[in-house]
Structure formats: structure tokens, C-alpha cells
Amino acid sequence: MNKIVKLLTSTLGRKYIMGITGVGLVAFIMIHMLGNLQIFLGKDVLNHYAVLLKSSAELLWAFRLGLVAMIVLHIVSAISLAIDNRKARPVDYNSKATVQASYASRTMVWSGLIVVSFVVYHILHFTAKVTDPSYHDFKTDLDGKMVPDVYAMVISGFSNIWVSAFYIIAVGLLCIHLSHGVSSMFQSLGLRTQKNQGFLAILAMGLSWVIFLGMSAVPMAIVLKILPDA
Amino acid sequence: MILDSKTPAGPLRDKWTNYKRDMKLVNPANKRKYKIIVVGSGLAGSSAAATLGELGYQVDCFCFHDSPRRAHSIAAQGGINAAKNYQNDGDSVYRLFYDTIKGGDFRSREANVHRLAEVSVNIIDQCAAQGVPFAREYGGVLSNRSFGGAQVSRTFYARGQTGQQLLLGAYSALNRQINNGQVTMYTHSEMLDLVLVNGEARGIIVRNLRTGKITRHAGHAVLLCTGGYGNTWNLSTYARGSNATAAWRAHKRGAFFANPCYTQIHPTCIPVSGDYQSKLTLMSESLRNDGRVWVPKKKEDCQKDPRDIPEEDRDYYLERKYPSFGNLAPRDISSRSAKEACDEGRGIGPTGLGVYLDFSDAINRLGKDKVKERYGNLFDIYHEITNEDAYEVPMRIYPAIHYTMGGLWVDYELQSNLPGLFALGEANFSDHGANRLGASALMQGLADGYFVIPYTIGNYLAQTGAGPLSTDDPGFEEAEENVNQTINKLMNIRGKRTVHSFHKELGKLMWDYVGMARDKSGLEKVLELIPALREEFWENVNIPGDAASFNQSIEKAGRVADFLELGELVARDALIREESCGGHFRTEHQTDEGEALRDDEAFSHVSAWEWNDKGAPILHEETLVYEEVKMTQRSYK
Amino acid sequence: MKITLRAWRESPGSSVDSEGHFEEYEADQLNPNMSFLEMIDTVNEQLAENGVEPIAFDHDCREGICGTCSMVINGVPHGPERGVATCQVYMRGFKDGDVITIEPFRSQAFPLIKDLVVDRSAFDRIQQAGGYVSVNTGSAPDANALPIPKDMAEEAFDAAACIGCGACVASCKNGSAMLFTSAKVSHLALLPQGQAERDRRVLAMVNTMDAEGFGACSNQYECEAVCPKEISVQHIARMNRDYAMASLRDSLA
Ligand SMILES: Cc1cc2nc3c(=O)[nH]c(=O)nc-3n(C[C@H](O)[C@H](O)[C@H](O)COP(=O)(O)OP(=O)(O)OC[C@H]3O[C@@H](n4cnc5c(N)ncnc54)[C@H](O)[C@@H]3O)c2cc1C
Ligand code: HEM
Ligand code: HEM
Ligand code: SF4
Ligand code: F3S
Ligand code: FES
Chain A
0 MNKIVKLLTS
10 TLGRKYIMGI
20 TGVGLVAFIM
30 IHMLGNLQIF
40 LGKDVLNHYA
50 VLLKSSAELL
60 WAFRLGLVAM
70 IVLHIVSAIS
80 LAIDNRKARP
90 VDYNSKATVQ
100 ASYASRTMVW
110 SGLIVVSFVV
120 YHILHFTAKV
130 TDPSYHDFKT
140 DLDGKMVPDV
150 YAMVISGFSN
160 IWVSAFYIIA
170 VGLLCIHLSH
180 GVSSMFQSLG
190 LRTQKNQGFL
200 AILAMGLSWV
210 IFLGMSAVPM
220 AIVLKILPDA
Chain B
0 MILDSKTPAG
10 PLRDKWTNYK
20 RDMKLVNPAN
30 KRKYKIIVVG
40 SGLAGSSAAA
50 TLGELGYQVD
60 CFCFHDSPRR
70 AHSIAAQGGI
80 NAAKNYQNDG
90 DSVYRLFYDT
100 IKGGDFRSRE
110 ANVHRLAEVS
120 VNIIDQCAAQ
130 GVPFAREYGG
140 VLSNRSFGGA
150 QVSRTFYARG
160 QTGQQLLLGA
170 YSALNRQINN
180 GQVTMYTHSE
190 MLDLVLVNGE
200 ARGIIVRNLR
210 TGKITRHAGH
220 AVLLCTGGYG
230 NTWNLSTYAR
240 GSNATAAWRA
250 HKRGAFFANP
260 CYTQIHPTCI
270 PVSGDYQSKL
280 TLMSESLRND
290 GRVWVPKKKE
300 DCQKDPRDIP
310 EEDRDYYLER
320 KYPSFGNLAP
330 RDISSRSAKE
340 ACDEGRGIGP
350 TGLGVYLDFS
360 DAINRLGKDK
370 VKERYGNLFD
380 IYHEITNEDA
390 YEVPMRIYPA
400 IHYTMGGLWV
410 DYELQSNLPG
420 LFALGEANFS
430 DHGANRLGAS
440 ALMQGLADGY
450 FVIPYTIGNY
460 LAQTGAGPLS
470 TDDPGFEEAE
480 ENVNQTINKL
490 MNIRGKRTVH
500 SFHKELGKLM
510 WDYVGMARDK
520 SGLEKVLELI
530 PALREEFWEN
540 VNIPGDAASF
550 NQSIEKAGRV
560 ADFLELGELV
570 ARDALIREES
580 CGGHFRTEHQ
590 TDEGEALRDD
600 EAFSHVSAWE
610 WNDKGAPILH
620 EETLVYEEVK
630 MTQRSYK
Chain C
0 MKITLRAWRE
10 SPGSSVDSEG
20 HFEEYEADQL
30 NPNMSFLEMI
40 DTVNEQLAEN
50 GVEPIAFDHD
60 CREGICGTCS
70 MVINGVPHGP
80 ERGVATCQVY
90 MRGFKDGDVI
100 TIEPFRSQAF
110 PLIKDLVVDR
120 SAFDRIQQAG
130 GYVSVNTGSA
140 PDANALPIPK
150 DMAEEAFDAA
160 ACIGCGACVA
170 SCKNGSAMLF
180 TSAKVSHLAL
190 LPQGQAERDR
200 RVLAMVNTMD
210 AEGFGACSNQ
220 YECEAVCPKE
230 ISVQHIARMN
240 RDYAMASLRD
250 SLA
């Protein structure tokens, strides 16, 4: 047992946690993006989806717990590694230079932290609906049942240009984070090789762009009034 | 005094077997009661310390480097010989033995050389098992190359890093024993004196280079594996830190120094580019397999672009003088011929001290790609240093001091004339006679450490017994006092000249008068110049800082002080050896073809020098008896 | 040519000031074919002539193989050129009138000794923890009894080429020794001789690396860029893999 603890607290062990939670978080983002994009298929489709998500409270909370656990583990390892790494290099150089480390790789902690604070706001915004309690009253008739009108909520949420701008910036940061993260996690898990490293670099870039465009498409469309409002 | 080599009886091929049969053994249970001091962590030192640790002895290992893995052995490029005959090209223990004796110009001890050839095969096995990444064929077996003019392919190699990879192997074995608690490693610790207790080596005095602290260390035996003295010449292919201090201080305690004048000059090094030069870089000998050496026939062509000099105006002097060996003539011969060409004013390059090594033929014959494949990394090194492209313009090369065959005198057991003091690797004089063949020094260092000393030291220890050790003995008192005095004396001179300026001046004297070609008048002259320089050193050197902390100037000062004494002994030895043999060439003694002319009547012996506080050193001789081979005039025509 | 050298001077625990600071030295009449260390030699000679203590720096072979030389030149360990050690940097790589800053390798695990000299013995301790094949002298089978595919041997060599200079640690924002350690682990992990102790080795070496206070890797790949032997970070990936498998086998067993 304590061998497991030793493993998970070692530098490499914490890297594995970063990597594995990273995979999970990326998967979530992808699914979430696809979910969001259904907004373009019309009000009912999205609301259907929203209902589906909440159909089973157990599943929903199990999923939420898993998600929270991943983010927490990810952050905890990231921060504890960051602290150790600072200790390992107490004095910085007087003349600084970077040969090949990417900008994204050098700012993972910061991009990550900002993304999380965004997520917090985001959940308050759309899930807990504290930023605008009136969202609670957004209801709509779906096959004869009254259900929360997620479509209307999103539309109204993003009709505020500042809110949209903030989302888009946040998503941008997330994608910078992922532009390194997606290949980085393979390295951390020991799956990056001479042969696949080129592919992984492209994958990371590609995925980051897809996520950026996919995610920001929604606020964009709403700000540009492409989507019909409820 | 007549020196006894303790060579075992019996026919040559049985001597080592007989020795092992008759030697005394230390009871396994008692081994841990013995403390052995190993000075040096190069191939010889690491292999010895590791193997003795494995046997159960307590070992203290010292090196002045910041890690045992940085010993100068790391620099060896070409390869290591072994009589494996994997190529089925007629190699054998006897042939390796004979080639080494002949290459050494019949000035080495038959029995030692034969033992070296015998154990050479085990070395490769051991290194391969440690994970040394030797070059291999597609079939997975080890590959070999022919090296240094050998007629068979018996050289094993690991890219251009054979020395490093072999040392990493020995270092890993050493690490294992450190981890097991058998070996205690003392890095950045420089031995500054040898301690004798009733005439037997029982310890050393060490300076911690980081703190300046002086400490005493006692042991039942002391092994010096401290390398060669080539930096006496200042400019050499040696690492800057290589020095003779350990061996020299032992010499001043009574250990004999043998054949100091046998020094090897490597023909293919990058020429000096200016006064600031700090070291000379070796271009592997393998280049001579495809490169052709030449200088212009006419002086006036020397500063021309070599590509504009027509064939008929080029003098491929090695091919001309040695048709059968051509560009692969042995090191001493090729080096000397280069010097002659330059002395005739036909040297090339900015300093006029250089000859061309031309690959244009090889490139036409094999194509640039093939040449790149074979020598690419060397061409890169050359470009990096000279900024010249050897694919386009011929390389410029010139000889440089590369190896010292001379060293502490040792008998068949690698024990010096001082009981308990052993010398291994380049630090001893034993196996290479007057000239070392390429790829044979790595072999000797590892043979000594892995396969010879583990036996011979047992024979000594079994007889002396594991008596109690104490560093309170007056011998330690006196030696530590001596070390402190020397350091304080140096620090307090506070003169006008830097340590380095003295080293440079000594180096120039050595190169000009005790270099590739030596003669009576020159040697007599330098025997006055060196003592004068030494005198000035002790009055006028300036060492900034203090000795009670990390101070690279005082480190170097101590080493240069020893070079200033050793250099004189080299010249003295060269003067009395009125013959030419191998690396020692006296212009008075040569055949009409300019070949080294030995005088076997008068000089088939080892010159072992005894230090003398009162005045001139005392010469002792060990007669070399040749039972197996008959001496011939070396001819590479 | 002529340059200005900004050198870090610091001598902890010595009689002279131990407060770290930069000193500027003018170096003129330099030859572009001079090596960078020969340039420092000339500066040091001038200092010594005036009885000033020369700049302390580590060096030995001066041909890029011993791994002793170690300094950060204008922010980059071993200087601007790729695939070379400090001793293989030449003045022709700089411009007349340049101001060149030299600093010691910076890492918690490499305590500073003096000026540009640091203590890299942590590397030795990582090696001692398990960087070997346990085979006593004399117990080896014939070298050709164990054939090794050429490409496998070559790959192992690429890892074995590490000269232990520590530039990887110096270049890493995290002061991480992953590249060094992984090179050492890979060398033996890739060879049949190394299999018997493969798990023990990687566990012992990584744990020692952590204990020595080196940072973790965040996959920034600076180390690879400054490594004089251009050791690839794929060895880090291999070590990550090996350590995970070894730990699992170890904790299940
Ligand atoms: C450029 C070059 C290329 C070469 N290529 C080849 C080749 O291809 N094949 C070949 O066979 N040979 C080659 N040689 C020769 C060979 O490398 C050396 O002769 C051999 O490695 C010497 O090994 P060693 O263990 O005796 O000494 P070294 O490797 O020099 O080790 C000396 C050790 O002693 C320690 N030491 C020295 N003095 C003290 C002291 N006072 N106190 C404490 N420690 C001390 C040092 O720290 C070091 O650890 C080459 C030599 C050079 C210079
Ligand atoms: C939903 C949000 C997040 C996603 C999708 C995400 C995704 C990833 C991925 C895939 C990696 C690569 C893993 C690896 O290199 O082994 C990674 C690494 C990293 N993440 Fe996140 N992350 C998120 C949030 C955060 C947060 C909140 C932080 C806050 C500190 C953070 C800090 C880091 C750091 C420092 C790394 C580099 C780890 C390393 O390579 O060693 N991430 N992230
Ligand atoms: C800009 C595009 C985005 C849109 C339109 C969007 C929309 C939504 C909506 C509508 C919900 C509430 C679902 C519901 O309660 O039925 C939600 C929840 C959530 N979103 Fe987003 N989101 C976006 C981006 C992101 C990003 C970038 C992240 C993470 C980095 C994220 C993480 C979450 C999380 C964690 C939840 C809570 C899920 C739960 O209910 O447990 N979202 N999102
Ligand atoms: S990996 Fe490269 S940089 Fe790091 S120690 Fe080895 S050679 Fe130096
Ligand atoms: S630079 Fe540092 S972060 Fe990792 S890849 Fe190299 S160790
Ligand atoms: S001095 Fe040996 S590598 Fe630079």
C-alpha cells in the first residue's frame, strides 16, 4: 500500500496523475463541446439533451463527482509539482533565454488556474444560476412537459457581449493549455516516442483549434445574432 | 642495485598460469580486514577498486576530478585491442604479444606483455557484460577494425568514444561497490604525498581541492593509477588536469621512475593555431586509412591554396619512404617524417608547422557519402575547431605529445621497488617498451585493474598480514608537514609571474629539445635551462588567493612544480640513452634511411631512476632478457 | 576581436567576499579561432598577472567528452551552439564588441562552490543507486555469446553518450534531472544485459533523483536543446513508462 502512496507522491507519480486526469478532462471538454453545438440544431434538440443529462440524478452526481475529483487531483498535483519545481531552482539566471520550450508549456499553471476560475464562474452562471437567478424561471414546453429552457438561458446569457467575450478568452486560454497538454500527457504517461511525436504535436494543435472554434462558436453565433432567440 | 622483475619461471606461455598456481591467497574471511588505497579512477583505478571491492577488501578510492567518471581515460577515441580473433584473420595471443613487443621496439618485458595479451580476451567479455555498447554487425556480434597499422582486425570500438564507454563500464562496477559499502570514494581529493612506515607504503596525504583541507589516509597497500605525465610538454592531447604529481611525489619518496624519455608523439593532431592554445586535439588515427599525407615539394608553394598545387609538385613522403606501409607507418615514424618536412621549410598552414592529410582521392574513389559515413564526426570536429571543410580542402595535421610509455618502475606483480606501492595503467612503465601501439593503453589499464592486480596484491597482502593501521605514525606526521610546507612556500613567494607562464615556457623547452628528435647538444643545453627556470619559479611565481579554500592556481602550481623536476629527468634519461628506439629518437643514431637505430648491446635494459635529495638522480638498470623473440631491426619499408 | 565579459563571482566560505555579484572584464586582441575557454584563459592570465584571483571554472578534456566544463553563456547552458559543450564553443560564434554574460549552473541540487563551479556529485549518487549491471569481474560469458541487434545497440549508445555535464538540469526551469537519469536508465534498459535488474534500477535511480532535490519534468524540452550529446527526451518517456510498470510490479509482488 505505502508503495502505491510512494509512487503517487513521487515526481513521476504526480505526473501520471496529471496525465490521466488530463485525458479525462479533455474527454469531458470534447463531449461538452458536442453537447453545446446541438444548439445549432434548434431549441428542442438542445433542451432534449439537457433533459437527458439530468434524467438520472444518481448518474448526474456520479459524473459531477468524477469531474470534480479529476479537476481537484489535476490541480493538486499541478500545484504541488509547481511548488517543488520552484524549490529545485531557487536562483534564476540573470540573462534569460529560451531555446525551444513553447510558450504554452511554460505557462501551464497560469493558463490552468485561469481556466478553473472560469469554470467556477461558468457553473455559477449556467448550472447554479446564481449570477442571474431569473434563469430558474426559464421554462419551456417540451413534448407536453415543462422543462428548463437551457436554450433561452444560453441565448440570454451570451447576448451580453462582455460575458461572451470572457467565455471566448477563457476558451482561448484553455486551448493554449491544451496545445501543450494534449501531447504532454502522452509524454508523461510514457507513450510519446520518436515515431509518434510529430503526430502528437499536430494532434495537440488540431484538437486545441477544434475545441476553440467549437466552443466559441456558440457565444459568437449569439452575439452575431445568427441564432434565432427564443 | 640490480632490479629484480620477479618474472616467474617456466616457458613464456605458462608464466602467468604458474604464477597464479604458486601465489599466496588471502583467506576470504580476512579480506575485509585489509584496507587498500587506490589513487585514480580512470580505467586502471576504477577497474582495480571495483574488482578489489568485489573480492571483499575495504577500498578507499581517490581522484582529483569532481567525479570518477571524468578521468582522462574518457578521451580515448580509437578503440581497444584484444586477441579474440573474431575475424578469423589469423590473430592470436602470440601475435598480439609479438606485435606489442615489436611495436615497443624490443624495450619491454616479455613476460608482462604476454600476460597482457592473454588477459586481453577477458576484458572484452567483462566490458560487454557490463553493457558497454561496442560497435556491432547486423548479425549482432561485435565488429572489429584494423588500427594503428596492425595487420589483423583486433580493435574493438564504440563509435569515437571507446574510452568513455569503457570508463563508464568500470565506473558502473565501481558505483556498485560504493553502493555495497566496499569502496569509499573521495572525489576532488588530490594525493600530495606518499607515506612510508618502516620502508613500506602505508598511506597517503590528500588535499581536498574544494576546501583546501589536508587529511591522512592509511592502508595496507597503495595503488597509483594516476595516468601519464604528457602535460610536462604543456601542449598535448591530454586533458588539462592530467598531471604527474602522485607518481612524482612517490618517486621522491624512493619509488624508481623508469624510462621517462619514452614518450609518444601522435602524428595526427590539429596544429597549433596561436599563442593562446590550451590543448591539442587528436584526430583519430583511423583517418590515415583513407587520407594521404603530403607537403609541397617546393618551399614557395607552402602558402598556396593546396588545391592549386599540381600532383607532380606534391611530396607524398610517407608513401615515398615506406612503400609497403605508406600512410599507415607507425606513429613515431609518421610523426618524425612530418617534423623533417617542416624543418626543411616545407611545412604548411599559418605557422608553417603542419602537413596535409588529403581525402580528395578517397572522395573520388569511394564518394563523399562513404567518406562521410566513415569519418563524418571527425570531419565535424575538425570543422568546429578550424572552421575549415576537410571535404573541400585537405586537413592540416601536426604531431603532438600523446602518451608516456615511461612511468613508475614495477615488477611482474606491478609492485614498485617500495613494498606495498603498486602502479597500474599509464602510471607504470611496464608493457609498451619504447613505443605504444594504438588501442593498447586501454587494454593495459583494464588488464592491470581487472585481471592482474586482484591476484598479485593478494600475494603481497597474504605475506604482510592485516596489522593495525594508524595515521598517528611519525611517517604521517612528517609527510603532512612536508605537504603543508610546500604549499605555504608556494603561497608565500608572491612573485611577478603566473603559474601558467612557467608551464608554457617549460612546455616549449621540452618540445624544442626533448620532443620528436633529440640530440646531445640540445639535451645538454636544456639540462641547464630547466633548472634555471625551476629556480625562477620558486622565486618569482605568483599565486593569488589563499590555500585554505578552493583555489585552482595553487592546484596548478603544485603540478607545474613537479613538471619542472620531472622534465629534467626526462631530458637526463634521453641524454644517457645513446640510441634511438620507438618514441625516443636521437638524431645521432639513425640508419641511412632515417630509421631509429637501436643499440641492443648497450641499451637493452630499463633505466630506473632513483631520486636523490643531494644531487643528480641515481640510475639503476633492469636487463631485458628475450627468451622467446629475437630482436630485429624494425623496418616498415 | 574585442568583447566584454560579465562573469559571476562568488566564493562562499572563503576569506574574500562571498557575496555573489557580476564583474566586467574587457578582453581584446582575441582571435576568432580561439575557443571560448581560451578566451577566459586569457582574461584569467591578465587577472593573475595583477594578483587578482582568476575566475574559477570547471574544465578538463577541452574536447567535449569529459563533461567537466559547465557554465551558462548568455542564458544558455554551454552557449548558443547546439550539440556542443562549453569547451567546444568558439569565439567566431560571437560578434566584435559583444557583451557576454557567464553564470554558474543554477539548481538546488548543484550547490555553488565558487564563481562558475558547482557540485554535481548528486549525479554520482543517482548512478550509485543502481546504474549498473551486477556482474563480478571474471564471471562474464564470451562477448559474442549474447548477440545484440545492431539497431538496439545503436539506440542504447545514443543514451550512453551522455557525458554527465548537468546542462539539462541547468536549462530546466524545474531544475529537473530527468534527461540525465532517463539517459542512464535507458542505456541499460535497452540492452539484454540490463533486463535482470531493470525494475530495481529504475526505481532506485528515480527515487534517489527525487531525494536529491531535483525538480519534476513538465515536458518543456529545453534540456534536449542544450544537451551537448543531443540526448532525446524520448528517453524521459521511456523512463516514465518503466517506472510506472516497475512500481506496479513492485507493489503487486
Ligand atoms: C586523446 C587521447 C586518445 C586516446 N585514445 C586511445 C585509444 O584509442 N586507445 C588506447 O588504447 N589508448 C588511447 N589513449 C591512451 C589512454 O586513454 C590512456 O593511456 C589511459 O586511458 C590511461 O588510463 P589510466 O587509468 O592509467 O589514467 P587516467 O585515465 O589518466 O586516470 C588518472 C586518474 O588518476 C587520478 N589522479 C591523478 N593524479 C592524482 C592525484 N595526485 N591524486 C588523486 N587522484 C589523481 C585522476 O583523477 C584520474 O581519475 C588516448 C589518450 C588520449 C590523450
Ligand atoms: C478543465 C480544465 C483542464 C484541462 C482540460 C486540462 C488538461 C490538461 C492536460 C491534458 C494536460 C497534460 C497532462 C500532462 O502533461 O501529463 C495538462 C497539464 C497541466 N495542467 Fe491542466 N487541465 C485543466 C485544468 C488545469 C488547471 C485548473 C490547472 C491549474 C494548476 C492545470 C495545470 C496543468 C499543468 C501545470 C500541467 C502540466 C503538467 C505536466 O505536463 O507536467 N490544468 N492539463
Ligand atoms: C463557450 C462554450 C460553453 C457553453 C455554451 C457552455 C454551456 C454550458 C451549459 C449550458 C451548462 C449547464 C448544463 C445544464 O445545467 O444543463 C454547462 C455546464 C458546465 N460546463 Fe459549460 N459551456 C461552455 C464552455 C465550457 C468550458 C470551456 C468548460 C470547462 C473548461 C465548461 C465546463 C462546464 C462544467 C464543468 C459544467 C457543469 C456540468 C454539470 O452540470 O455538472 N463549459 N456548460
Ligand atoms: S543528458 Fe545531456 S545535458 Fe544532461 S548530463 Fe547528459 S550530456 Fe549533459
Ligand atoms: S527541460 Fe525540464 S521540464 Fe522536462 S523536458 Fe527537460 S526536464
Ligand atoms: S572540458 Fe571536457 S567536456 Fe568540456
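Residue numbers (numbering that gives the first Met the number 0), protein chains in the order written: chain A, 0 to 229; chain B, 0 to 636; chain C, 0 to 252. All C-beta atoms in this analysis are idealised placements derived from N, C-alpha and C, irrespective of residue type, glycine included.
Closest to residue i by CA distance: which of the options is it?
i, options, result
"B/LYS5", "B/SER439, B/ASN416, B/THR214, B/ALA128", "B/ASN416"
"B/THR497", "B/ALA560, B/ALA547, B/GLY457", "B/ALA560"
"C/GLN127", "B/ILE36, B/MET282, B/ILE123, B/MET184", "B/MET184"
"C/ARG200", "C/LEU178, C/TYR242, C/GLY165, C/CYS86", "C/TYR242"
"B/SER579", "B/ASN207, B/ILE332, B/LYS297", "B/ILE332"
"B/SER152", "B/ARG94, B/SER188, B/HIS187", "B/ARG94"
"B/ARG252", "B/GLN76, B/GLU567, B/ASN481, B/ILE347", "B/ASN481"
"A/SER94", "C/GLY82, C/ALA84, C/GLY78", "C/GLY78"
"B/GLU476", "B/ILE213, B/LYS34, B/GLN176, B/ALA75", "B/ILE213"
"B/ALA116", "B/TYR228, B/GLU318, B/LYS14", "B/LYS14"
Identify the continuous alpha helix (DSSP H) that holds residue i and give its terminal residues.
i, result
"A/LEU58", "56-87"
"B/ASP599", "599-602"
"A/LEU36", "10-36"
"B/SER394", "Before going on, a small fix: residue 394 of chain B reads as Met here, not Ser. Run containing B/MET394: none in the alpha helix (DSSP H); it sits in the beta strand (DSSP E), 394-403."
"C/GLU223", "221-225"
"B/ILE456", "452-463"
Which stretch, first to last residue, makes up the beta strand (DSSP E) that contains residue i?
i, result
"B/VAL409", "Careful: B/VAL409 lies outside any beta strand (DSSP E) and carries neither H nor E."
"B/ASP104", "Premise fails: B/ASP104 is in no beta strand (DSSP E) and is neither H nor E."
"B/CYS268", "262-268"
"B/ARG291", "291-295"
"B/ALA217", "213-217"
"B/GLU343", "No beta strand (DSSP E) holds B/GLU343; DSSP gives it neither H nor E."
"C/GLU23", "20-26"
From the DSSP output, which residues share a beta bridge with residue i?
i, result
"B/LEU489", "Looking at the DSSP assignment, B/LEU489 forms no beta bridge with any residue, so it has no partner."
"B/CYS580", "B/HIS583"
"B/GLU199", "B/VAL196"
"C/TYR89", "C/SER34"
"B/GLY419", "Answer is none; B/GLY419 lacks a bridge partner."
Is the closest heavy atom of ligand 7 to the C-beta of residue i under 8 angstroms?
i, result
"C/GLN233", "This structure lacks ligand 7; its bound ligands are ligand 1, ligand 2, ligand 3, ligand 4, ligand 5 and ligand 6."
Handout entry: Stretch pair the segment 227-239 of chain C + the segment 151-164 of chain C: three plus CB contacts closer than 8 angstroms
Key = Because the criterion of three Cβ pairs below 8 angstroms is met, the segment 227-239 of chain C and the segment 151-164 of chain C touch.
Problem - Ordered list of beta strand (DSSP E) runs contained in the segment 41-90 of chain B, each at least 3 residues - result: Every beta strand (DSSP E) of 3 residues or more that sits fully in the segment 41-90 of chain B is shown, in chain order, as 57-61.
Practice task
Could you tell me whether the segment 17-26 of chain A touches the segment 54-71 of chain A, using the rule of 3 or more Cβ pairs below 8 angstroms?
Solution key: yes
Exercise for the section: Report yes or no: do the segment 120-136 of chain B and the segment 449-457 of chain B share at least 3 C-beta pairs separated by less than 8 angstroms? Expected result: yes
Exercise for the section: Report yes or no: do the segment 60-77 of chain B and the segment 29-49 of chain B share at least 3 C-beta pairs separated by less than 8 angstroms? Expected result: yes
Exercise for the section: Please confirm if the segment 34-45 of chain C is in contact with the segment 213-229 of chain B, defined as three or more CB-CB distances below 8 angstroms between the two stretches. Expected result: Flag = no, the segment 34-45 of chain C and the segment 213-229 of chain B do not touch.
Exercise for the section: Inspect the CB distances between the segment 78-93 of chain C and the segment 306-324 of chain B and report whether three or more fall short of 8 angstroms. Expected result: no
Exercise for the section: Please determine if the segment 98-109 of chain B and the segment 462-471 of chain B are in contact, where contact requires at least 3 C-beta pairs separated by less than 8 angstroms. Expected result: no
Practice task
Decide yes or no for the touch test of the segment 34-53 of chain A against the segment 84-98 of chain A: beta carbon pairs closer than 8 angstroms, at least 3 of them.
Solution key: no
Handout entry: Sequence ranges, beta strand (DSSP E) only - wholly within the segment 302-370 of chain B, length at least 3
Key = 354-357
Practice task
Specify whether the segment 148-158 of chain C and the segment 104-120 of chain C touch according to this definition: at least 3 beta carbon pairs, one from each stretch, less than 8 angstroms apart.
Solution key: no
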